[in-house]
Amino acid sequence: MDLLKKIQLIKLAKAHYLEGKPKNQIADEFGLSRFKVARLLDEATDNGIVKFVIPDLEGYRTDLSDELEKKYRLKHCTVIASPSLASDSLIDSLSSTGAELLQELGPNVANIGVASGRVLSAIADKLTVFPKCNVVQAAGVQEGMNFRHSSLEIVHRLAGLGDGRPFPLLAPMWLEKVETAESMKLEASIQELHMLYSKLDILITGIGSWCGEGSSGMYGTISTHYREDLISKGATADLCSVILDINGNELVTGADSLSLALKPQDIRNIPEVIAIAGGNDKHKAIRACLLGEWVSTLITDEGTAKYLLDN
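Under the numbering used here, the first residue of the sequence shown is numbered 19, with each subsequent residue one higher.
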């Protein structure tokens, strides 16, 4: 390309991209047709005279987010740029990002369901604002769980932030007898809760892993008999109250009639299910939830994202 041509392309490019002039105005000023201007601007780009630089968001991998959204048909995905983090650091990163996302929720949200876990508890600690809405406990209390990490406590903290109304579930997640579970479901407060389950706009949840010894609060609270039955069927993950195999299929067990929690169909009917989870021990569990299309929004770490794309 000769020097005069380069100078012309630079002038046209500056007029359009730096000065913001439309192509028809540039055509008039340079005595060219609009189509000739468009062709020359394309030529300037093709020859490296014009270079577009779109920096990635610091601390995040938007390239991996885009790939995960396409592969797993997610509505939204956020990947934290963290190749390898210790457990506490990972929880801090996931909860910071989760809190930032949840603070962007609009005022038109009426009912939000909340599960339990360390990450969700940390999110509640970091939030400074929350919509004024009904905050609904998604499952009963898991025996042995740190109370601050329980959904019962998180529900009250979130509702207090937005001056909303908490709907706690003052009962265990798992009961010992079917008769007891059926009797409790007749109580007015629990019936009100179950009515709200069908009206949830958003569910905020973690993901539990059943691989190895598991990194799931539910893993240790369900009775040994049912736990062994689920493991024999290939239990890989739990999402709120639903236990899944490696392909994301719901596992049915006799324990279902003993639980006080969101049912699988309740979760399927929720428009937005936000899952915040990461770490090597949860790779297979997160993949199962995505394969089963239980999640619409995922917040995770870079290592997990790469695993999900490779498997």
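Glycine residues also receive a C-beta, built at the ideal position from the N, C-alpha and C atoms.
Worksheet entry | Local conformation of R79 per DSSP, three classes | Here residue 79 refers to the residue found at position 61 of the sequence shown. Coil at R79, not helix or strand.
Fill in: Whole-Å CB distance - I240 paired with A189, under 8 Å assumed
The count along the sequence shown starts at 1 and reaches residue 240 at position 222. The count along the sequence shown starts at 1 and reaches residue 189 at position 171. Their Cβ separation, rounded to whole angstroms, is 15 Å, which puts I240 and A189 out of contact at 8 Å.
Worksheet item: Buried or exposed: which applies to F148, given that a residue is buried once 16 or more other Cβ atoms fall within 10 Å of its Cβ?
Response: As a first step, residue 148 is located in the sequence shown; it is residue number 130 there, counting from the start. It is buried - the Cβ of F148 has at least 16 other Cβ atoms within 10 Å.
Worksheet item: Got a sec: does the ligand ATP put a non-hydrogen atom nearer than 7 Å to the Cβ of S134?
Response: Inclusion of the ligand ATP in the displayed structure is not the case, the ligand content being empty and no account of it being possible.
Worksheet item: Quick one: what's R183 bridged to in DSSP?
Response: The count along the sequence shown starts at 1 and reaches residue 183 at position 165. R183 is bridged to N152.
Worksheet entry | Burial state of T242, where buried means 16 or more other Cβ atoms lie within 10 Å | To locate residue 242, count along the sequence shown from 1; it is residue 224. By the neighbour-count rule (16 or more Cβ atoms within 10 Å), T242 is not buried but exposed.
Discussion item. Can you list, in chain order, the residues of its chain with a C-beta nearer than 7 Å to that of I7? Leave out the 5 residues immediately preceding and following it.
Written reply: For residue 7 there is no data in the structure shown, the boundaries of the chain being 19 and 329.
Item to complete: Report buried or exposed for F165, applying the criterion of at least 16 other Cβ atoms within 10 angstroms of its Cβ.
Response: Start at 1 with the first residue of the sequence shown, and residue 165 comes out as number 147. Burial call: exposed.
Worksheet item: Given 8 Å as the limit, is there contact between the stretch 152-160 and the stretch 177-184, that is, 3 or more CB pairs closer than that?
Response: yes
Discussion item. Restricting to Cα atoms, I'd like to know which of A140, G131, V173, D263 is closest to I220.
Written reply: Indexing the sequence shown from 1 puts residue 220 at position 202. Ranking the options by Cα distance to I220, first place goes to G131.
Discussion item. For R245 and V71, I'd like the C-alpha separation in whole angstroms.
Written reply: Against the sequence shown, residue 245 aligns to sequence position 227. Against the sequence shown, residue 71 aligns to sequence position 53. One C-alpha to the other measures close to 53 Å.
Item to complete: Could you pull out every unbroken beta strand (DSSP E) segment of at least 3 residues lying fully inside the stretch 252-314, listed in chain order?
Response: 255-257, 260-262, 290-294
Fill in: When K93, R91, V97, I67 are compared against D81, the one with the closest alpha-carbon
Residue numbering aside, residue 81 sits at position 63 when the sequence shown is read from its first letter. The option with the nearest alpha carbon to D81 is V97.
Item to complete: Hey, could you find the ends of the beta strand (DSSP E) T146 is sitting in?
Response: Translated into the one-based positions of the sequence shown, residue 146 becomes position 128. It is not in any beta strand (DSSP E) - T146 carries neither H nor E in the DSSP assignment.
Worksheet entry | beta strand (DSSP E) segment containing T223, residue limits | Within the sequence shown, the letter at position 205 stands for residue 223. It spans 220-223 - the beta strand (DSSP E) in which T223 sits, taken as one unbroken run.
Worksheet item: Where do the N-terminal and C-terminal ends of the beta strand (DSSP E) with I130 fall, by residue?
Response: As a first step, residue 130 is located in the sequence shown; it is residue number 112 there, counting from the start. Looking at the DSSP string, the run of the beta strand (DSSP E) that includes I130 is 129-132.
Item to complete: Could you name the residues that DSSP lists as bridge partners for I98?
Response: As a first step, residue 98 is located in the sequence shown; it is residue number 80 there, counting from the start. Beta-bridge partners of I98 (DSSP): Y78, D319.
Worksheet item: Three or more C-beta pairs closer than 8 Å, one from the stretch 168-176 and one from the stretch 137-147: is that the case here?
Response: yes
Item to complete: Say whether the stretch 58-68 touches the stretch 23-41, bearing in mind that this needs 3 or more beta-carbon pairs closer than 8 Å, one atom from each stretch.
Response: yes
Worksheet item: Which whole-angstrom value describes the C-beta separation of K350 and N129, a residue pair presumed to lie in contact below a C-beta threshold of 8 Å?
Response: What is shown of the chain runs 19 to 329, which leaves residue 350 out entirely.
Fill in: Span of the alpha helix (DSSP H), counted from its first residue to its last, around E200
As a working mapping, residue 200 is identified with position 182 in the sequence shown. From DSSP, the alpha helix (DSSP H) with E200 extends over 196-202.
Worksheet item: What's the call for M213, buried or exposed, on a 16-neighbour Cβ count within 10 Å?
Response: As a working note, residue 213 is residue 195 in the sequence shown. Its Cβ having fewer than 16 others within 10 Å, M213 is exposed.
Discussion item. Output needed for N298: all residues of its chain with C-beta closer than 7 Å, excluding positions within five of it in sequence on either side, in chain order.
Written reply: Within the sequence shown, the letter at position 280 stands for residue 298. Only G321 meet the Cβ criterion.
Discussion item. Please classify L22 as buried or exposed, where buried requires at least 16 neighbouring CB atoms within 10 angstroms.
Written reply: Stepping through the sequence shown from its first residue, residue 22 is reached at position 4. It counts as exposed.
Worksheet item: Pick from L327, L326, I317, Y325: whose alpha carbon is nearest that of D110?
Response: On the sequence shown, position 92 is the one that residue 110 refers to. Checking every option, the nearest Cα to that of D110 belongs to I317.
Fill in: Span of the alpha helix (DSSP H) around T63
Translated into the one-based positions of the sequence shown, residue 63 becomes position 45. Its alpha helix (DSSP H) spans residues 52-64.
Worksheet entry | Check whether F48 and L30 have beta carbons under 8 Å apart | Residue numbering aside, residue 48 sits at position 30 when the sequence shown is read from its first letter. Residue numbering aside, residue 30 sits at position 12 when the sequence shown is read from its first letter. Yes.
Fill in: Three-state secondary structure assigned by DSSP to G226
In the sequence shown, counting from the first residue as 1, residue 226 sits at position 208. Annotated three-state conformation of G226 is strand, per DSSP.
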